[in-house]
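Encoded as C-alpha cells, the structure appears first; notes follow it.
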Amino acid sequence: KTMEGSPQLKIGFIGAGNMAYGIAKGILKSGDVVASNVIISAPSKNNFHRFQEMGVAVTHSNEEVVRSSRLVFLAVKPHLISPVLSALSEHVTPQHVIVSVAAGVTIATLEKLVPGGACVMRLMPNLPCMLQEGAFVLASGTGVKQEVSSQLKSLLSPCGLVEVGPESWIDAHTGLSGSGVAFVYVFAEALAEGAVKMGMPSALAQRLAAQTIL
121 KTMEGSPQLK IGFIGAGNMA YGIAKGILKS GDVVASNVII SAPSKNNFHR
171 FQEMGVAVTH SNEEVVRSSR LVFLAVKPHL ISPVLSALSE HVTPQHVIVS
221 VAAGVTIATL EKLVPGGACV MRLMPNLPCM LQEGAFVLAS GTGVKQEVSS
271 QLKSLLSPCG LVEVGPESWI DAHTGLSGSG VAFVYVFAEA LAEGAVKMGM
321 PSALAQRLAA QTIL
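Number 160 in our numbering belongs to position 40 of the sequence shown; there are no gaps in the numbering.
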C-alpha cells in the first residue's frame, strides 16, 4: 500500500519536542503539506505554541492523533515508546505508517508493539533539522514497500538530506551526524575564540565562524 499524496495526507506527531518541530516545520515549509492536516500531541502544552503558530492542531490525546492520521511520527523518548504504543495498539490499523525517531528502539521491537500489517519505519534525524539542514537515515520494517519509503523520503526532503538504507546504518548515523554536530560546534567555538584573541569582537567572530562551517 502507498500513502495519499502530500496535500491529502493526514500526518500526526506524538511528542512535541525539537525533532517533531523540525520535521513539521520542514514539511510544512515545502508547501506540499496542508497545516490543517497535521496534528500533534504531548502531555504538556509547553511547546504547543510554536506548532500552533504554523497552523497545526494540538491535543493531549495520542489516541486522537492516531485516529485522525495516516502517517504517525513517534517523537517521544525511547523509554516511552513501549507504553505509548501499547496504549494505542487497538487504534493502529494496517493502513497506518508508524515512523519512530527514538534512538535505540529497533524495528523488531516496534513491530511487536503494533498490530500486524501496519508499516513500521525508523528515522534518525539530527538537530540541524530544526533549520531544514538536517541529515536523516530512514530504515523500513518488514513488508514496507519501496513506494512508501520513497514517498517518505520525498516528504522529508525539505528538512535536509535523507538517505534510505538498512537499520544497521541507524546506529552509525547516530554517532556520525547526531553526536557529530557537537564536535562541529566545539570546532566553531575554537575558531571564534582564536579570532577574539587576535582582537576581533566576539559577536563578529562567532558569526564568521558559523558561516565558515556552513
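The beta carbon of each residue, even a glycine, is placed where N, CA and C say it ideally should be.
| field | Range covered by the beta strand (DSSP E) that runs through M244 | value | Taking the first residue of the sequence shown as 1, we reach residue 244 at position 124. Taken as a continuous stretch (DSSP letters only), the beta strand (DSSP E) holding M244 covers C239 to M244.
| request: To the nearest angstrom, report how far apart V153 and L129 are at their CA atoms. | output: If you number the sequence shown from 1, residue 153 lands on position 33. If you number the sequence shown from 1, residue 129 lands on position 9. Cα-Cα distance, rounded: 7 Å.
| query | Can you list the beta strand (DSSP E) stretches of 3 or more residues lying completely in the region 250-309, in chain order? | reply | 254-260 and 280-284
| Would a C-beta distance cut-off of 8 Å place A315 and A325 closer than the cut-off? | The residue given as residue 315 occupies position 195 in the sequence shown. The residue given as residue 325 occupies position 205 in the sequence shown. Cβ distance < 8 Å, so A315 and A325 count as in contact.
| task | Would you kindly report the start and end of the unbroken beta strand (DSSP E) that includes A144? | result | Here the question's residue 144 lines up with position 24 in the sequence shown. No beta strand (DSSP E) contains A144, which is instead part of the alpha helix (DSSP H) from N138 to K149.
| task | May I ask which residues mark the beginning and end of the alpha helix (DSSP H) holding V185? | result | Residue mapping note: residue 185 aligns to position 65 of the sequence shown, counting from 1. It spans N182 to S188 - the alpha helix (DSSP H) in which V185 sits, taken as one unbroken run.
| query | Of all the options L328, E210 and A255, which has the alpha carbon lying nearest to the alpha carbon of A312? | reply | Your numbering for residue 312 matches position 192 in the sequence shown. Cα-wise, what sits closest to A312 is L328.
| request: Using 10 angstroms around the beta-carbon of K145, count the other beta-carbons present and answer buried if the total reaches 16, otherwise exposed. | output: Within the sequence shown, numbered from 1, the residue matching residue 145 stands at position 25. By the neighbour-count criterion, in which a residue is buried when 16 or more other Cβ atoms sit within 10 angstroms of its Cβ, K145 is buried.
| In angstroms, rounded to a whole number, what distance separates the CA positions of S288 and N167? | Within the sequence shown, numbered from 1, the residue matching residue 288 stands at position 168. Within the sequence shown, numbered from 1, the residue matching residue 167 stands at position 47. Near 32 Å, if we compare the C-alpha coordinates of N167 and S288.
| task | Report whether the distance from the Cβ of V178 to the nearest heavy atom of the ligand PLP is below 7 Å. | result | The ligand PLP is absent from the structure shown, which contains no ligand whatsoever.
| query | CA-CA distance, A292 and T262? | reply | Here residue 292 refers to the residue found at position 172 when the sequence shown is read from its first residue. Here residue 262 refers to the residue found at position 142 when the sequence shown is read from its first residue. Near 21 Å, if we compare the C-alpha coordinates of T262 and A292.
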